[in-house]
Each structure stands twice: as C-alpha cells, then as structure tokens.
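Enquirer: This structure is in structure tokens; I'll ask about it shortly.
Residue numbers (the numbering used here): 4 to 158.
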C-alpha cells in the first residue's frame, strides 16, 4: 500500500503505531521494498503521544479485521483525522463518513487514498463529515442510562 502511494507522490511518510506479532514482518517488508526512510515505526503509544500522531496524520488507515469493534478509528476521528477502514471490521457498521475497502483489496485502498490526495475538496468534505459524525459518539448518555438502571435495581 505504501509503495503504491509513494509511486504517486514520493513526498509522503507513513507512521506505523503499535506492536505485535506482525511488527517484525512489516519492518522487514519495508526494508525489502526500500521504504525504510518513508515509514516510521513508533511501537506502542497511548494518551497524548497517540493523539499527537493522529493530529499529524492526513489519514488514518486500519485495514485490520482482528478488532471486532476497534476504537482507534473513533480516536482518530476525535482528533479530526479522516479514516480508511476495513469493510469487514465491526466499526464499519457504525461509521458512515469514512473510506471503506475490503481488507484484502490493497489496490482499492490505494485508489481511495490517491483520490483523496488528488482532490483536496473531497478530502476537506470527508474531514468535515468526520468532525460531525464523531459528535454522536460519547459516553455521557450510555453512562447515565447505566447509572439509572443500577439505581433502579439496587432499590
């Protein structure tokens, strides 16, 4: 995916956050494709460090299907960063204003990213919709409902 984007515009950089069993293979693949100077591997981040990465990013890409309802796209959107997510992820069912592709379709992902890079007005539209959509996700209402039920049952 990174190679295809860099073939379009070699000025982009990629940040890979997190660690796990695939980390070594991803680093090896980046070196094999001669992309070591274009991809930054941060390891595991949390809190304000993670928020800084989201805020620096033009787009958050998570083609993973291993997170049934991953919250990282919501975190990215909270930081005003549009997302590209896997259609097969659980979060795909609740997010509407983001790019979506099948997790195996690297070409479609690359095409979507390149078209967002090519057409700034489309990118800004996506970013505005992202900002509006994330407003509907908050903990206040569910917490109040939970508290109400708890108080009702305790009596």
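C-beta: ideal position from N, C-alpha, C; glycine also.
1. Tell me residue 22's beta-bridge partners as DSSP assigns them.
2. According to the neighbour-count rule (16 or more other Cβ atoms, all chains shown, within 10 Å of its Cβ), is residue 112 buried or exposed?
3. Just confirm the distance between the C-beta atoms of residue 119 and residue 38, as a whole number of angstroms; I'd bet it's less than 8 Å.
4. Determine the direct distance from the alpha carbon of residue 57 to that of residue 126, and round the result to whole angstroms.
5. Span of the beta strand (DSSP E) holding residue 87?
6. Consult DSSP for residue 126 and reduce its assignment to one of helix, strand or coil.
7. Helix, strand or coil for residue 102 per DSSP?
8. Which residues in the same chain as residue 110 place their Cβ atom closer than 8 Å to its Cβ, once the five residues preceding and following it in sequence are excluded?
9. With DSSP as the reference, label residue 97 as helix, strand or coil.
10. Which residue marks the beginning of the alpha helix (DSSP H) containing residue 50, and which one marks its end?
11. What did DSSP end up calling residue 73 once you bin it into helix, strand or coil?
12. From what residue to what residue does the alpha helix (DSSP H) around residue 15 run?
Expert: Short version:
1. Within the chain shown, the letter at position 19 stands for residue 22. Its beta-bridge partners do not exist; DSSP assigns none.
2. The count along the chain shown starts at 1 and reaches residue 112 at position 109. Taking all protein chains shown into account, residue 112 has 16 or more neighbouring C-beta atoms within 10 Å of its C-beta and is therefore buried.
3. For the purposes of this step, residue 119 is taken as the residue at position 116 of the chain shown. For the purposes of this step, residue 38 is taken as the residue at position 35 of the chain shown. Rounded to the nearest angstrom, the Cβ distance from residue 119 to residue 38 is 20 Å, too far for a contact under 8 Å.
4. On the chain shown, position 123 is the one that residue 126 refers to. On the chain shown, position 54 is the one that residue 57 refers to. A straight-line Cα-Cα distance of about 16 Å links residue 126 and residue 57.
5. Here residue 87 is taken as the residue at index 84 of the chain shown, counted from 1. Unbroken beta strand (DSSP E) run through residue 87: 86-89.
6. Residue mapping note: residue 126 aligns to position 123 of the chain shown, counting from 1. Of the three classes helix, strand and coil, the one that applies to residue 126 here is helix, per DSSP.
7. As a working note, residue 102 is residue 99 in the chain shown. Strand, per DSSP.
8. On the chain shown, residue 110 is found 107 positions in, with the first residue counted as 1. Excluding sequence positions up to five before and after residue 110, its CB lies within less than 8 Å of the CB of 7, all in the same chain and listed in chain order.
9. Residue mapping note: residue 97 aligns to position 94 of the chain shown, counting from 1. Residue state, collapsed to three classes: coil.
10. The residue given as residue 50 occupies position 47 in the chain shown. Start and end: 50-59.
11. By 1-based counting over the chain shown, the position of residue 73 is 70. Coil.
12. Position 12 of the chain shown, counting from 1, holds the residue named residue 15. Going by DSSP, residue 15 is part of no alpha helix (DSSP H) at all; its letter is neither H nor E.
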